[in-house]
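A.B. asks: Here it is, the structure in full.
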Amino acid sequence: MAHKHGHGRERIQFANTEDKQEFSKYPTKAGRRSLSRSISQSSTDSYSSAASYTDSSDDETSPRDKAQVNTHGSSDFCVKNIKQAEFGRREIEIAEQDMSALISLRKRAQGEKPLAGAKIVGCTHITAQTAVLIETLVALGAQCRWTACNIYSTQNEVAAALAETGVPVFAWKGESEDDFWWCIDHCVNTEGWQANMILDDGGDLTHWVYKKYPSVFKKVRGIVEESVTGVHRLYQLSKAGKLCVPAMNVNDSVTKQKFDNLYCCRESILDGLKRTTDIMFGGKQVVVCGYGEVGKGCCTALKALGAIVCITEIDPICALQACMDGFRVVKLSEVIRQMDVVITCTGNKNVVTREQLDRMKNGCIVCNMGHSNTEIDVASLRSPELTWERVRSQVDHIIWPDGKRVVLLAEGRLLNLSCSTVPTFVLSITATTQALALIELFNAPEGRYKQDVYLLPKKMDEYVASLHLPNFDAHLTELSDEQAKYMGLNKNGPFKPNYYRY
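Each residue of the sequence shown is one higher than the one before, starting from 33 at the first, in my numbering.
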């Protein structure tokens with residue numbers, strides 16, 4: 033079969049008649065061209081993380097400048113495109129399949145509504161999984177207003193689906209810094225509605241309320257915070273005597289720490305790197321900065337695929353754990369020239385400096401798995417002598433004057449939520465923990481919680497875990513009376529003392 037191209041005309045010669053018949057079954061020329069275009073289009077979509085269906089062709093008008101109304105006539109929301117609600121609804125339904133614990137909480141709440149009267153303002157990643165949490169809170173009796181804690185992680189069609197059901201959502205993928213604070217403001221500051229609970233991820237919402245609307249705290253019964261960064265900010269407030277409501281540190285509950293940080297990152301680090309760069313891991317030199325739960329999860333996955341992994345650590349205990357797990361512990365400046373991939377997961381700032389970026393080899397991939405975008409000094413890369421080249425959504429080449437290029441993912445923001453998705457089941461564990469923390473703080477009798485930061489009671493941690501066991505057809509052993517007495521335990525738990533490390 034020979035192709036001859038001339039002035040856009042295509043002449044095809046067939047060696048035999050069967051070929052010709054076979055060919056005529058396929059679409060006509062125009063049809064074939066659009067077919068190939070739709071294939072290339074969908075392949076670009078698959079790179080853009082949890083990309084919205086219409087992102088590529090969408091107009092560039094800012095959602096803030098559009099007048100949109102849902103089918104119930106409400107315009108109390110700001111999303112990219114309310115017409116995507118049906119797509120979003122399907123994604124939420126897929127997520128519900130793997131979030132059975134939240135669904136069983138909903139069933140339980142049909143009788144009593146433990147959040148009746150709760151007015152929750154939330155600032156989290158807005159994904160299909162969070163939507164299942166938000167709709168569970170609504171089923172439990174709460175009113176919710178929601179915004180995004182990350183400018184890249186919003187799934188536009190999910191935000192539309194929530195806005196369609198009547199939850200005021202202010203978020204879209206690719207917000208500017210100004211949009212980000214505008215959205216938070218519109219969530220908090222609304223006529224005739226005042227929050228009495230805060231659900232935060234990263235502490236930005238709490239920070240904004242402190243800064244702009246401190247009087248809101250007169251009504252707030254508690255804050256539930258789920259990230260390392262946000263919890264750190266709460267402890268700082270508490271230390272300075274400025275925390276004026278009780279707060280629940282969900283991040284350090286066992287079910288969040290182990291599962292969201294360790295097991296989730298073990299799966300999502302590879303997903304984010306593959307989707308953005310198609311990298312092959314076998315034999316690659318990788319440095320992971322930080323060997324906490326996130327670092328441990330990342331290293332397990334990378335090692336399993338044959339990458340040569342080394343660790344940087346400040347804590348001698350974590351460093352010794354890394355050594356025992358078979359990793360070299362190094363200083364970043366000692367190995368930076370040889371590395372193919374640099375991954376930060378410390379929660380700190382300036383972990384990768386401009387000086388180290390200057391010394392990286394051509395083609396080095398740099399990304400961050402910590403919550404905040406402070407770990408890689410991205411600001412220093414926005415200087416006149418360096419050229420930024422957008423490769424595709426969330427992938428930039430930073431080109432040095434001598435032609436060296438470094439591949440920066442998600443502009444140094446959270447890799448897995450910006451560039452891929454996170455396993456639904458893990459988010460079910462986190463979301464159930466958040467829901468129970470909200471119920472606990474909202475219903476706590478006066479005086480049980482002072483103006484301080486608390487961990488979720490262990491009994492509730494165990495309850496979250498038990499709600500997820502049916503997924504695996506796992507059967508728990510029960511203690512006999514004699515065994516319980518011997519161990520000094522209640523037969524129904526809690527089964528471990530608070531100082532136990534899992």
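All C-beta atoms, glycine included, are put in the ideal place defined by N, C-alpha and C.
How far does the beta strand (DSSP E) with H429 in it reach, from first residue to last?
C.D. replies: Here residue 429 refers to the residue found at position 397 of the sequence shown. Taken as a continuous stretch (DSSP letters only), the beta strand (DSSP E) holding H429 covers V427 to I431.
A.B. asks: Go through the stretch 334 to 368 residue by residue and report every complete run of the alpha helix (DSSP H) that reaches 4 residues or more, in order.
C.D. replies: Within the stretch 334 to 368, the complete alpha helix (DSSP H) runs of at least 4 residues are 348 to 356 and 364 to 367.
A.B. asks: Is R307 buried or exposed, if buried means 16 or more other CB atoms sit within 10 Å of its CB?
C.D. replies: Within the sequence shown, numbered from 1, the residue matching residue 307 stands at position 275. Buried, since its Cβ has 16 or more Cβ neighbours within 10 Å.
A.B. asks: Compare the C-alpha of A336 against each of L440, G324, R298 and D372 and name the closest.
C.D. replies: Start at 1 with the first residue of the sequence shown, and residue 336 comes out as number 304. Among L440, G324, R298 and D372, the Cα nearest to that of A336 is on R298.
A.B. asks: What are the start and end residues of the beta strand (DSSP E) that includes N30?
C.D. replies: Since the first residue of the chain shown is 33 and the last is 534, residue 30 is not available in this structure.
A.B. asks: If S106 sits next to G198, beta carbons under 8 Å apart, how far is it from one beta carbon to the other, in whole angstroms?
C.D. replies: In the sequence shown, residue 106 corresponds to position 74, counting from 1. In the sequence shown, residue 198 corresponds to position 166, counting from 1. About 6 Å; that satisfies the 8 Å criterion.
A.B. asks: Under the rule that 16 or more other beta-carbon atoms within 10 Å means buried, what is S56, buried or exposed?
C.D. replies: Here residue 56 refers to the residue found at position 24 when the sequence shown is read from its first residue. Annotation note: pLDDT 48 at S56 (below 50); position unreliable, coordinate value reported separately. Exposed.
A.B. asks: Check the DSSP bridge columns for M229 and list the partner residues they point to.
C.D. replies: Taking the sequence shown and counting its residues from 1, one reaches residue 229 at position 197. BP columns for M229 point to I152 and G254.
A.B. asks: In the DSSP assignment, what residue or residues form a beta bridge with I375?
C.D. replies: As a first step, residue 375 is located in the sequence shown; it is residue number 343 there, counting from the start. Note: I375 sits in a beta bridge opposite V320 and C399.
A.B. asks: To which residues of the same chain is T60 closer than 8 Å at the C-beta, ignoring the five residues directly before and after it?
C.D. replies: Here the question's residue 60 lines up with position 28 in the sequence shown. Here the model assigns T60 a pLDDT of 40, short of 50, so the residue's position is not dependable and the matter cannot be decided.
A.B. asks: By how many angstroms is the C-alpha of W432 removed from the C-alpha of D493?
C.D. replies: The sequence position of residue 493 within the sequence shown is 461, counting from 1. The sequence position of residue 432 within the sequence shown is 400, counting from 1. Rounded to the nearest angstrom, the two C-alpha atoms are 49 Å apart.
A.B. asks: Which same chain residues end up closer than 6 Å to F109 when comparing Cβ atoms and leaving out the 5 residues on each side of it in sequence?
C.D. replies: Counting from one through the sequence shown, the residue named residue 109 turns up at place 77. Result list for F109: A195, P200 and V201, in chain order.
A.B. asks: Check N221 in the structure and name its three-state DSSP category.
C.D. replies: The sequence position of residue 221 within the sequence shown is 189, counting from 1. Here N221 sits in coil by DSSP.
A.B. asks: Using 9 Å as the threshold, is the C-beta distance between V190 and G235 below it?
C.D. replies: Here residue 190 corresponds to residue number 158 of the sequence shown, with the count starting at 1. Here residue 235 corresponds to residue number 203 of the sequence shown, with the count starting at 1. No.
A.B. asks: Cα separation between R96 and H104?
C.D. replies: Taking the first residue of the sequence shown as position 1, residue 96 is located at position 64. Taking the first residue of the sequence shown as position 1, residue 104 is located at position 72. The straight-line gap from Cα to Cα measures roughly 20 Å.
A.B. asks: For T179, which beta-bridge partners are listed by DSSP?
C.D. replies: Here residue 179 corresponds to residue number 147 of the sequence shown, with the count starting at 1. Paired residue(s): C155 and F202.
A.B. asks: Under a Cβ-count criterion, where at least 16 other Cβ atoms within 10 Å of its own Cβ denotes burial, should L501 be classed as buried or exposed?
C.D. replies: Indexing the sequence shown from 1 puts residue 501 at position 469. L501 should be labelled exposed.
A.B. asks: What separation, rounded to the nearest whole angstrom, lies between the Cα atoms of I343 and V282?
C.D. replies: Residue numbering aside, residue 343 sits at position 311 when the sequence shown is read from its first letter. Residue numbering aside, residue 282 sits at position 250 when the sequence shown is read from its first letter. Straight-line Cα distance between these residues: approximately 27 Å.
A.B. asks: In terms of residue numbering, what span does the alpha helix (DSSP H) encompassing V496 cover?
C.D. replies: Here residue 496 refers to the residue found at position 464 of the sequence shown. V496 -> alpha helix (DSSP H) spans K490 to H500.
A.B. asks: How many Å lie between L134 and V341 at the Cα?
C.D. replies: As a first step, residue 134 is located in the sequence shown; it is residue number 102 there, counting from the start. As a first step, residue 341 is located in the sequence shown; it is residue number 309 there, counting from the start. Their Cα atoms are separated by approximately 37 Å.
A.B. asks: Restricting to Cα atoms, I'd like to know which of V256, D217 and L418 is closest to D390.
C.D. replies: Numbered from its first residue, the sequence shown carries residue 390 at position 358. If we check each option's Cα against that of D390, L418 comes out closest.
A.B. asks: Beta-carbon separation of L446 and C296 under 9 Å?
C.D. replies: The residue labelled residue 446 in the question sits at position 414 within the sequence shown. The residue labelled residue 296 in the question sits at position 264 within the sequence shown. Contact flag unset, no.
A.B. asks: List the DSSP bridge partners of Y295.
C.D. replies: Reading the sequence shown from its first residue, position 263 is the one you call residue 295. Per DSSP, none; premise fails for Y295.
A.B. asks: Quick one: what's got a C-beta closer than 6 Å to D310's C-beta in the same chain, skipping five residues either side?
C.D. replies: Here residue 310 is taken as the residue at index 278 of the sequence shown, counted from 1. The answer is none, since no qualifying residue turns up.
A.B. asks: Provide the residue(s) that pair with M549 in DSSP beta bridges, ordered along the chain.
C.D. replies: Residue 549 lies beyond the residue range present for the chain, which begins at 33 and ends at 534; the question has no answer from this structure.
A.B. asks: Leaving out five residues on either side along the sequence, give the residues of the same chain with a beta carbon under 8 Å from the beta carbon of C331.
C.D. replies: Walking along the sequence shown from the start, residue 331 turns up at place 299. Same-chain partners within the cutoff: V320, Y323, V341, I343, A354, D357 and F359.
A.B. asks: Which residue's Cα is closest to the Cα of N188: L294, G206 and C215?
C.D. replies: In the sequence shown, counting from the first residue as 1, residue 188 sits at position 156. Nearest of L294, G206 and C215 to N188, Cα basis: G206.
A.B. asks: List the DSSP bridge partners of E421.
C.D. replies: Counting from 1 along the sequence shown, the entry for residue 421 is found at position 389. Note: E421 sits in a beta bridge opposite H429.
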